Structure formats: structure tokens, C-alpha cells
Amino acid sequence: MPLVTFHKHGQVFREEVLPNTNLVVRAGIRQFPYPHLSYQCGMGKCATCACKVLAGAEHLPPPNWKEKKQLGERLEQGFRLVCQLWLQHDIELVQEAPAVAA
1 MPLVTFHKHG QVFREEVLPN TNLVVRAGIR QFPYPHLSYQ CGMGKCATCA CKVLAGAEHL
61 PPPNWKEKKQ LGERLEQGFR LVCQLWLQHD IELVQEAPAV AA
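In UniProt numbering, the protein residues as written are 1 to 102.
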């Protein structure tokens with residue numbers, strides 16, 4: 001079973017998930033124990049769920065057109081839309097707090 005390691009707000013959460021798990025779907029039905037996962041549409045339209053992949057990127061499929069459109073240059077920095085990923089292997093992610101406008 002894939003092991004998910006999720007970093008946010010200085011905390012680290014780990015959980016094994018079933019193969020072919022989507023973390024946004026699990027968060028939406030309250031089966032994902034990571035309460036700080038930010039998400040909104042679940043369809044790749046808003047990029048609220050963008051996370052930087054720290055480990056396991058080699059096991060992910062290439063970015064789809066939604067990720068390319070929403071993330072642009074951030075793809076090269078290792079960001080992916082979690083709502084577009086169905087996990088088959090271990091992964092480590094960090095979700096940064098959104099920038100606050102001054």
C-alpha cells in the first residue's frame with residue numbers, strides 16, 4: 001500500500017492508503033487524516049490543492065493538460081495538482097500556505 005507523507009504548517013502526517021487513492025476525494029469524504037490539505041474544486045480548475053512533490057515523482061504520470069494550464073512554470077519546480085493524482089506508490093508532499101496579499 002502506498003505511504004503518503006504530507007507536510008504542512010510545520011507538521012508531518014503519514015498514512016498508508018489503498019492503491020489508486022486520490023487524496024482530495026479522501027479529504028472530501030473525511031477519510032483522509034490530514035486536516036490541513038487545502039482543496040476546492042477537485043477538478044483541476046483552481047490549483048488550490050497544488051503541492052510540491054518531495055519524493056516519489058518518478059512514479060507519477062506526466063502532468064495532464066489541466067496541470068499544465070494551472071501550474072505553468074511551477075511544474076518545473078515539482079508542483080502537481082493533488083486532485084489529478086491517483087496514487088500507486090509512496091509519495092512525499094508539502095503544501096505551502098498561499099501568499100497573503102498586502
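Beta carbons: idealized from backbone N, C-alpha and C, even for Gly. Model, not experiment: these values are computed from the prediction.
State the CB to CB distance for the pair residue i and residue j, rounded to an integer number of angstroms; the pair is presumed to be in contact (CB under 8 Å).
i	j	result
Lys-68	Leu-75	7 Å
Ala-55	Leu-81	The pair is not a contact, with the Cβ atoms about 18 Å apart (cut-off 8 Å).
Lys-66	Gln-84	6 Å
Leu-93	Lys-52	7 Å
Which residues mark the beginning and the end of the beta strand (DSSP E) in which residue i is found?
i	result
residue 122	With the chain covering only 1 through 102, there is no way to say anything about residue 122.
Ala-27	Note, Ala-27: premise wrong, no beta strand (DSSP E); alpha helix (DSSP H) at 23 to 28.
For residue i, which three-state DSSP category applies?
i	result
Cys-51	strand
Leu-75	helix
Ala-101	Confidence at Ala-101 is low in this model, with a pLDDT of 45, below 50, so its placement is unreliable and the value that follows should be read with caution. Ala-101 falls in the coil class under three-state DSSP.
Glu-92	strand
Kindly list the residues whose CB is nearer than 6 Å to the CB of residue i, restricted to its own chain and excluding five residues on each side of it in sequence; keep chain order.
i	result
Pro-2	Val-17, Leu-87, His-89, Asp-90
Ala-47	Gln-70
Ala-101	Interpretation of Ala-101 is limited by its pLDDT of 45, a score under 50 that renders its predicted location unreliable; the figure taken from the coordinates is listed afterwards. Here the set comprises nothing.
Identify the residues that DSSP records as bridge partners of residue i: which are they?
i	result
Leu-81	Ala-50
Lys-8	Gln-11
Leu-87	Thr-21
What does a CB cutoff of less than 7 Å around residue i pick up in its chain, not counting 5 residues either side in sequence?
i	result
Gly-28	Gly-42
The ligand FMN heavy atoms versus the CB of residue i: any closer than 7 Å?
i	result
Ala-57	No copy of the ligand FMN appears in this structure; indeed no ligand is present at all.
Excluding the five sequence neighbours on either side, which residues of its own chain have a C-beta within less than 8 Å of the C-beta of residue i, listed in chain order?
i	result
Gln-11	His-36
The alpha helix (DSSP H) with residue i in it runs from where to where?
i	result
Cys-66	Reading off the sequence shown, one finds Lys at residue 66, where the question assumed Cys. Per DSSP, Lys-66 belongs to the alpha helix (DSSP H) from 65 to 71.
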